[in-house]
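What follows is a set of notes on a single structure, which appears directly below.
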Amino acid sequence: MSKMMMITRAGHNMAAACLLRPVCALGACFHHPVPVSRLVASPLLPWFGASFATGVRIAEVATRRGVAPARPLRVRIAKAVTTNEATTNSKQSEGVLRKGVLLEFSKESGKYVLGVIQKPEGKKNWIATDQFGNMHSVKPQQVTFIVPGVEDFKIADLSTFTNKVETLEDSSLLEFAWEELVEAKKDVNAVELAKMCYGDGPIEYYAAHRLLMSQQVYFRCKQKGFSAIYEPRPLSQVNDLKQKQSIEDAARQKLLGYINDIRSACDQPYESKPPPNHWQSCDYSSARTDSLRAYALEVTNTPQQKQLAEEVLEALKISKKPSVAVDLLIKMGVFPVHVNLDLLKSGVPTEFSCDFLEASQHVLTSPPLDTNLADRVDLTHLKVYTIDSEDADEIDDGLSAARLPDGRIKVWIHVADPTRWVPSMHILDKEAKRRSTSIYLPTGAIPMFPMELASTVMSLRQGYETCALTVSIIFHPTGSIAESQVMCSTIRPTYRLSYDNALELLQMNVEEEADLYLLDEVAQVRRQWRMGQVSYLLEVDVESPVT
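The sequence shown begins at 2 in my numbering and counts up by one.
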């Protein structure tokens, strides 16, 4: 061993060259040979395996990325900078702010900008120009890094400088350097890190600074300044931060997946967009869509909802405004094109959750027993007219009429019977009671029950035998009520008429529709009777919207 220690400097270099041949061969495997001349080893390199291993790995990374260092890679630990030295350097740096200096500074938004000083502004501030030609007023305390070795830097060279820096950035190099420095318990600044990982030059210095600033896992800023000092974190702390970073990376990937789903939906024509319940398919998507909805309606209940909504808007790079969130939800297919925001803000539910939809399907496939079957009166012999708007899907009432032998008119009012299909305290029964009524708007109806039920078995459809709750009334010739009765019934609607159809039939005086004329006759008599009872007739002119 002692003989080996006496090897001359030339012998050391020869030994280093022999040991570096495998590195060259490794580089050749990746079609980018690494010349031995690019790896400058210290005389004691063969006996300090850690430094040598770090150098091999750094060379391997550079080779694999196809980026050869602009300067020789030095595998060595630079002399540690003490706190006193760092303070002195910082004070000396205060005098280097002048025209042509290349520096990085922070903005109030937290963004870091690289610029060239143009001129002083006032007593302390400076005007700097970035690569896009934007002028910035920079205070000394905003400066985060002054690129060493640069004099009279030209703005025209900024873009090229930045591009070259980006080609050097590789976080894996920082890990290799950390392994070396944590073992030696040495601090480091950007210049020293650059000499370890890249080489010696302004581009390398700034690339190293960016690595230290962007990766907080391996190093902690020990002393801020124009040339900050960083100390390597202990292994336990690095492991904890890696785990935290892994969790954050997974969260970012989830958010990215949600954002991509949104962009895909926004690109689709309206008729091809996913249905609103698509955005409730998982807890992650549901929470963010609900937060966007609350944000759009300005009814966010918790700070977390506001945070989630703004996180999505920021990821999409759009303004954090409720009106923007409304437009986004329309493009996603969550809101209809002609959304009624006032209705949504009122809190009236406009959709049914998956639980209610599944319950509706179960009712259709496995109908419950008719608890009123024994008392249900068969009225299928009556001619039943249902009169509603042409676009109505939910027909919930119908009328029948007949003249009795004594000349009086008997009217049957049939109302769809939902209790035939939904027992008391059923999940659908509770929701219907909570909604209390179906809401009819110019843009459509909001039913008490899911449309799968409301427009089928609960609707008085023409030609279908349907369960109903019927009120029969016998009127005196004067229009007053003589008798009335309420019963569970079974009916078969004969005609499904629109208002215009019913009016045309009344004007045509068709003999076959005598029952319809009886309904009109009793309606007129009843109206006159009510007016005689001091009823008040309120007539309002309603303007129909232009469609």
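From the three backbone atoms N, C-alpha and C, an ideal C-beta is built for every residue, glycine too.
Just so it is clear, the structure is predicted and the values come from calculations on it, not from any experiment.
Query	Result
is_contact[K318, chain D] using C-beta, thresh 8 Å	Going by chain labels, chain D is absent from the structure shown, which holds only one protein chain.
Distance, E311 Cα to S292 Cα	9 Å
Distance CB(I492)-CB(H427) smaller than 8 Å	no
Expected contact under 8 Å - CB spacing of A488 and T471 to nearest Å	Inspection of the sequence shows that residue 488 is occupied by Met rather than by Ala. At roughly 5 Å, the Cβ-Cβ gap stays under 8 Å, so M488 and T471 are in contact.
Other residues of its chain near T163: CB distance less than 7 Å, five sequence neighbours each side excluded	L115, Q132
Top-ranked residue by Cα proximity to P235, from L454, I147, K187, M333	K187
One or two residues paired with P233 in a DSSP bridge	F220
For H415, the three-state DSSP class (helix, strand or coil)	strand
Cα-Cα separation between G399 and S282, rounded to whole angstroms	39 Å
Close-in-space but distant-in-sequence residues of the same chain around K140 (CB under 6 Å, 5 per side omitted)	N126
Beta-bridge pairing of S490 - partner residues as DSSP gives them	V378, A469
Nearest residue (CA-CA) to L174, options L504, D397, K196	K196
Touch test, the region 375 to 394 against the region 493 to 509, Cβ-Cβ under 8 Å, three pairs minimum	yes
Any non-hydrogen atom of the ligand NAP closer than 7 Å to N302 Cβ	This structure lacks the ligand NAP, and indeed carries no ligand of any kind.
Contact under 8 Å by Cβ, M136 with I147	no
Beta-bridge pairing of V144 - partner residues as DSSP gives them	F106
Pairwise C-alpha distance: R253 and I78	In this predicted model, I78 has a pLDDT of only 35, less than 50, meaning its place in the structure is not dependable enough to derive any value.
Secondary structure of Y206, DSSP reduced to three states	helix
Coarse secondary structure for Y113, derived from DSSP in three states	strand
Classification of G150 by the beta-carbon crowding that lies within 10 angstroms, buried from 16 upward	exposed
Span of the beta strand (DSSP E), counted from its first residue to its last, around L329	No beta strand (DSSP E) contains L329, which is instead part of the alpha helix (DSSP H) from 323 to 333.
V166 (DSSP reduced to helix, strand or coil)	helix
For V349 and L358, the rounded distance between their alpha carbons	18 Å
Extent of the continuous beta strand (DSSP E) to which W549 belongs	Because the chain is modelled from 2 through 548, residue 549 falls outside the range shown and cannot be assessed.
Spatial distance of Y537 from Q525 (CA atoms)	15 Å
Beta-carbon contacts of E95 that lie in its chain and below 8 Å, excluding the five residues immediately before and after	Because the pLDDT of E95 is 47, which lies under 50, any placement of that residue in the model is unreliable, and the number read from its coordinates should be weighed accordingly. If we look at E95 and ignore the five residues flanking it on each side, its Cβ neighbours are P141, F227.
Candidates P323, V340, F353, K318: closest to R435 by CA position	F353
Rounded straight-line distance, which links the Cα of E122 to that of S138	7 Å
Candidates R221, A209, V192, of which the one nearest V183 by Cα	R221
Whole-angstrom distance between R462 and D394, CA atom to CA atom	9 Å
Those residues which DSSP pairs with T387 across a bridge	R497
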